[in-house]
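Data block below; observations after.
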Amino acid sequence: MPTSTLAFKSAAQLVRGYKAHRFTPLDVLAAVLARVDECEPQVNAWRLVDRRRARRVAQASTRRWADGHPCGLLDGVPVAIKDVTETRGWPTLNGSLAIDPKGPWPVDAIVVERLKAHGAVILGKTQTPEFAWRGITESTLHGVTRNPWNLDWTTGGSSGGAAAAVATGMATLATGTDSGGSIRGPASFCSVVGFKPSFGRVPVWPASPLMMMEHCGPLARTVQDAALAFTVMAGGDPRDGYAIQALFPDVLSGLGKGVRGLKIGISPDLGVPRIDDEVRRVIATSRKIFTGLGARVFAVDLDLGAAREVANRICGPMAARIQRNLGRQKSRLTNDELIASAAMGKKMSAVDFLDAEAERIRFRSLMAVFHETYDLLIAPTLSCAPFTVGHDQPPGWCASDGEFMSTTTPFDLTGQPAISVPCGFTPRGGPVGLQIVGPYGSDALVLRAARAFERAQPIGRKHPFI
Numbered sequence: 117m118p119t120s121t122l123a124f125k126s127a128a129q130l131v132r133g134y135k136a137h138r139f140t141p142l143d144v145l146a147a148v149l150a151r152v153d154e155c156e157p158q159v160n161a162w163r164l165v166d167r168r169r170a171r172r173v174a175q176a177s178t179r180r181w182a183d184g185h186p187c188g189l190l191d192g193v194p195v196a197i198k199d200v201t202e203t204r205g206w207p208t209l210n211g212s213l214a215i216d217p218k219g220p221w222p223v224d225a226i227v228v229e230r231l232k233a234h235g236a237v238i239l240g241k242t243q244t245p246e247f248a249w250r251g252i253t254e255s256t257l258h259g260v261t262r263n264p265w266n267l268d269w270t271t272g273g274s275s276g277g278a279a280a281a282v283a284t285g286m287a288t289l290a291t292g293t294d295s296g297g298s299i300r301g302p303a304s305f306c307s308v309v310g311f312k313p314s315f316g317r318v319p320v321w322p323a324s325p326l327m328m329m330e331h332c333g334p335l336a337r338t339v340q341d342a343a344l345a346f347t348v349m350a351g352g353d354p355r356d357g358y359a360i361q362a363l364f365p366d367v368l369s370g371l372g373k374g375v376r377g378l379k380i381g382i383s384p385d386l387g388v389p390r391i392d393d394e395v396r397r398v399i400a401t402s403r404k405i406f407t408g409l410g411a412r413v414f415a416v417d418l419d420l421g422a423a424r425e426v427a428n429r430i431c432g433p434m435a436a437r438i439q440r441n442l443g444r445q446k447s448r449l450t451n452d453e454l455i456a457s458a459a460m461g462k463k464m465s466a467v468d469f470l471d472a473e474a475e476r477i478r479f480r481s482l483m484a485v486f487h488e489t490y491d492l493l494i495a496p497t498l499s500c501a502p503f504t505v506g507h508d509q510p511p512g513w514c515a516s517d518g519e520f521m522s523t524t525t526p527f528d529l530t531g532q533p534a535i536s537v538p539c540g541f542t543p544r545g546g547p548v549g550l551q552i553v554g555p556y557g558s559d560a561l562v563l564r565a566a567r568a569f570e571r572a573q574p575i576g577r578k579h580p581f582i
């Protein structure tokens, strides 16, 4: 079997192939590393690839499959870890020159523990902007991560390395984090699946600097793979005080049930100031698709345009805390957006912060009322298609960082599950993602709807040209 074919197989296909002894985890690792050799010099998705460790883990997985005793759902599946997530023995630099790479780096994050326990072959760490505080994936530490659909375009951020690795077959799955759209945005720009679970569903430990907004979730090429990875990553853990400790619901058994009879609201803009016409046209096709699948789809008028500004005020003190905790090393910070957020955070009073939290509660209430009528909301993932690297916004847009992510941020404030699935392409070939949002805790429903859409609109089966 050609190596490129193995590299682009889904996690579910890999597991079936291992079970049938058609190929081994070592075969798949060789194919994926060949894609790294081919694509990485142009894309720059990785901060670190540990080939020796990956081969050792793949060899052990190959033996388990030969013996008929796999150790978990992802045994032998190649996985990438975003470089904000702790990995034992590998430096976690957060895309920053301010972090000392010297050891010992003694712990794995909870999600890494769980992936390893299920036999995943963890390849290395993917690129991120400094402290994941930017809507594009560029930093002084690692340079520019480029979009595999067009190397002149950005991947978005901050999980841009993860999205690019998955899109190019350099990894089957990847972890990402999302406090303003950092899983869903790069997924949209790179035409892959990016799932932000309900807040607290996937525990985040060691604690993130963005602890009050941080969501951890998977990026994948299929919804089924995202659901598999989520099943492994999710579940309570007392080390994360925000984690949901209740029994984790099964998301796999009902994945294929479809959307017949569901009531879905579609918003072309969520009330944000600017949505590209090309994006509107692509997203409009989703209404017909969901209607054809048996859902009842209604145009809705939602005003979530202020959410980005509220999120900025909540995150300002967290940026100030990052800067404070770096001590003398704070002078090495180079991310202007992070520095500006920290300066704003230092000026805020406790009352200012509580005012922002009150606005967050208002958005939560607004969406809770919405979901009393509608099972799901569909909308653009981002306000635009990919734009040229070296810019924080499309040409002619507001200079402030993240305006094009105004459609993702509301659901970080509310903590609702939201997924981006490939929806189509603009006339110039720019990927566009559809965002599907459900009530808090309805992770299984959101994945089920995404799976139904993916089957009806299999645009995600296309691979980038690189």
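If you use this note's numbering, the sequence shown closes out at 582, no skipped numbers anywhere. Ideal Cβ positions, reconstructed from N, Cα and C, are used throughout, including at glycine.
Cβ-Cβ separation, R403 to V395 (assumed contact under 8 Å), whole Å: The sequence position of residue 395 within the sequence shown is 279, counting from 1. The sequence position of residue 403 within the sequence shown is 287, counting from 1. Incorrect: roughly 14 Å between the Cβ atoms, too far for contact.
message: With H, G and I counted as helix, E and B as strand and the rest as coil, what does DSSP make of D216?
response: By 1-based counting over the sequence shown, the position of residue 216 is 100. Three-state result, D216: coil.
Inter-residue CB distance, L213 and L257 (contact presumed, cutoff 8 Å): As a working note, residue 213 is residue 97 in the sequence shown. As a working note, residue 257 is residue 141 in the sequence shown. About 5 Å; that satisfies the 8 Å criterion.
message: Pull the bridge partners of L613 from the DSSP assignment, please.
response: No answer is possible for residue 613: the residues shown for the chain start at 117 and end at 582.
task: State whether the segment 151–170 contacts the segment 212–228, with contact taken as three or more CB pairs (one from each stretch) at a distance under 8 Å.
output: Cβ pair count under 8 Å is below three, so no.
- prompt: Do V237 and L326 have their C-beta atoms within less than 8 Å of each other?
  reply: On the sequence shown, position 121 is the one that residue 237 refers to. On the sequence shown, position 210 is the one that residue 326 refers to. Not in contact: V237 and L326 (Cβ atoms no closer than 8 Å).
task: Output yes or no for whether 8 Å exceeds the beta carbon distance between D199 and K135.
output: Along the sequence shown, read from residue 1 onward, the residue named residue 199 stands at position 83. Along the sequence shown, read from residue 1 onward, the residue named residue 135 stands at position 19. No, the Cβ-Cβ distance between D199 and K135 is not below 8 Å.
message: Could you give the first and the last residue of the continuous beta strand (DSSP E) run that contains K312?
response: Position 196 of the sequence shown, counted from the start, is the residue given in the question as residue 312. Secondary structure note for K312: its beta strand (DSSP E) is the uninterrupted segment V309 to K312.
message: Between the alpha carbons of D417 and A303, how many angstroms are there, rounded?
response: The residue given as residue 417 occupies position 301 in the sequence shown. The residue given as residue 303 occupies position 187 in the sequence shown. Distance from the CA of D417 to the CA of A303, rounded to the nearest whole angstrom, comes to 25 Å.
message: Relative to the C-alpha of A415, which candidate in I494, T338, G211 and R390 has its C-alpha closest?
response: Locating residue 415 in the sequence shown gives position 299, counting from the first residue. Closest option to A415, Cα to Cα, is I494.
- prompt: Mind checking whether the beta-carbon of P502 lies closer than 7 Å to any heavy atom of the ligand ZN?
  reply: In the structure on display, the ligand ZN does not appear, and there are no ligands present to speak of.
query: Rounded C-beta distance between G251 and D508? I'm assuming under 8 Å.
result: The residue given as residue 251 occupies position 135 in the sequence shown. The residue given as residue 508 occupies position 392 in the sequence shown. 7 Å between Cβ atoms; contact.
- request: Consult DSSP for H331 and reduce its assignment to one of helix, strand or coil.
  value: Sequence index remark: in the sequence shown, residue 331 carries index 215 (1-based). Reduced to three states, the DSSP call for H331 is strand.
task: Could you please give the first and the last residue of the uninterrupted beta strand (DSSP E) stretch that includes L550?
output: Walking along the sequence shown from the start, residue 550 turns up at place 434. Per DSSP, L550 is one residue of the beta strand (DSSP E) stretching across P547 to V553.
query: What first and last residue would you give for the alpha helix (DSSP H) that runs through L615?
result: Missing from the structure shown is residue 615; the chain here goes from 117 to 582 and no further.
message: Do S558 and Q340 have their beta-carbon atoms positioned less than 8 Å apart in this structure?
response: Along the sequence shown, one-based indexing puts residue 340 at 224. Along the sequence shown, one-based indexing puts residue 558 at 442. No, the pair does not count as a contact, with Cβ atoms beyond the cut-off.
query: Anyone know if the C-beta pair for Y490 and I405 falls short of 8 Å?
result: Here residue 490 refers to the residue found at position 374 when the sequence shown is read from its first residue. Here residue 405 refers to the residue found at position 289 when the sequence shown is read from its first residue. Taking a C-beta distance under 8 Å as the contact criterion, Y490 and I405 do not qualify as a contact pair.
query: What is the C-beta distance between V318 and C539, in whole angstroms, given that I count them as a contact (C-beta under 8 Å)?
result: The residue labelled residue 318 in the question sits at position 202 within the sequence shown. The residue labelled residue 539 in the question sits at position 423 within the sequence shown. In this structure, V318 and C539 do not form a Cβ contact; the two beta carbons are roughly 25 Å apart against a cut-off of 8 Å.
message: By the three-class DSSP mapping on this structure, what secondary structure does W181 have?
response: If you number the sequence shown from 1, residue 181 lands on position 65. Note: W181 maps to helix in three-state DSSP.
- prompt: So C539 is in the beta strand (DSSP E); what residue range does that whole segment cover?
  reply: Position 423 of the sequence shown, counting from 1, holds the residue named residue 539. Where C539 is concerned, the enclosing beta strand (DSSP E) starts and stops at A534 to F541.
message: With three or more beta-carbon pairs closer than 8 Å as the criterion, would you say the segment 510–524 touches the segment 477–492?
response: No, the segment 510–524 does not touch the segment 477–492.
query: Going by C-alpha distance, which of L492, E488 and E519 is nearest A501?
result: Looking up residue 501 in the sequence shown gives position 385. For A501, the closest C-alpha among the options L492, E488 and E519 is that of E519.
- prompt: L344 by DSSP, collapsed to three states: which one?
  reply: Counting from 1 along the sequence shown, the entry for residue 344 is found at position 228. L344 carries a helical assignment under DSSP once its states are collapsed to helix, strand and coil.
- request: Tell me where the alpha helix (DSSP H) around N441 begins and ends.
  value: Taking the sequence shown and counting its residues from 1, the one referred to as residue 441 is at position 325. Where N441 is concerned, the enclosing alpha helix (DSSP H) stretches over A423 to L442.
message: Between P217, P141 and V467, which has its C-alpha nearest R84's C-alpha?
response: The chain is shown from 117 up to 582; residue 84 falls before or after that span and cannot be answered.
field: Alpha-carbon to alpha-carbon, E475 and E453
entry: As a first step, residue 453 must be located in the sequence shown, where it is residue number 337. As a first step, residue 475 must be located in the sequence shown, where it is residue number 359. The straight-line gap from Cα to Cα measures roughly 22 Å.
- request: Select from T253, S120 and A350 the residue whose C-alpha is nearest the C-alpha of F503.
  value: As a first step, residue 503 is located in the sequence shown; it is residue number 387 there, counting from the start. The shortest Cα separation from F503 among T253, S120 and A350 belongs to T253.
query: Considering P496, what are the terminal residues of the beta strand (DSSP E) in which it resides?
result: Here the question's residue 496 lines up with position 380 in the sequence shown. First-last of the beta strand (DSSP E) with P496: L492 to P496.
field: Assigned exposure category for A121 - 16 Cβ within 10 Å defines buried
entry: For the purposes of this step, residue 121 is identified with residue 5 of the sequence shown, where counting begins at 1. Checking the sequence, you will find Thr at residue 121 rather than Ala. It counts as exposed.
- prompt: So what's K125 in DSSP terms, helix, strand or just coil?
  reply: Here residue 125 refers to the residue found at position 9 of the sequence shown. K125 falls in the coil class under three-state DSSP.
- prompt: First and last residue of the beta strand (DSSP E) that includes G292?
  reply: Counting from 1 along the sequence shown, the entry for residue 292 is found at position 176. Per DSSP, G292 belongs to the beta strand (DSSP E) from L289 to D294.
field: Run of the alpha helix (DSSP H) containing D268, from where it starts to where it stops
entry: Within the sequence shown, the letter at position 152 stands for residue 268. For D268, there is no enclosing alpha helix (DSSP H); the enclosing beta strand (DSSP E) has its first and last residue at N266 to T270.
field: Simplified DSSP state of R262, which is helix, strand or coil
entry: Within the sequence shown, numbered from 1, the residue matching residue 262 stands at position 146. R262: strand per DSSP, three-state reduction.
query: Nearest to G273 by CA position, among A248, M286 and L267, is which residue?
result: On the sequence shown, position 157 is the one that residue 273 refers to. It is A248 whose Cα lies nearest to the Cα of G273.
- request: Just grab the DSSP bridge partners of W162 for me.
  value: Within the sequence shown, the letter at position 46 stands for residue 162. Residue pairing by DSSP places W162 opposite T242 in a beta bridge.
- prompt: By how many angstroms is the C-alpha of N266 removed from the C-alpha of G421?
  reply: Mapped onto the sequence shown, residue 421 falls at position 305. Mapped onto the sequence shown, residue 266 falls at position 150. Per the coordinates, the alpha-carbon of G421 lies some 30 Å from the alpha-carbon of N266.
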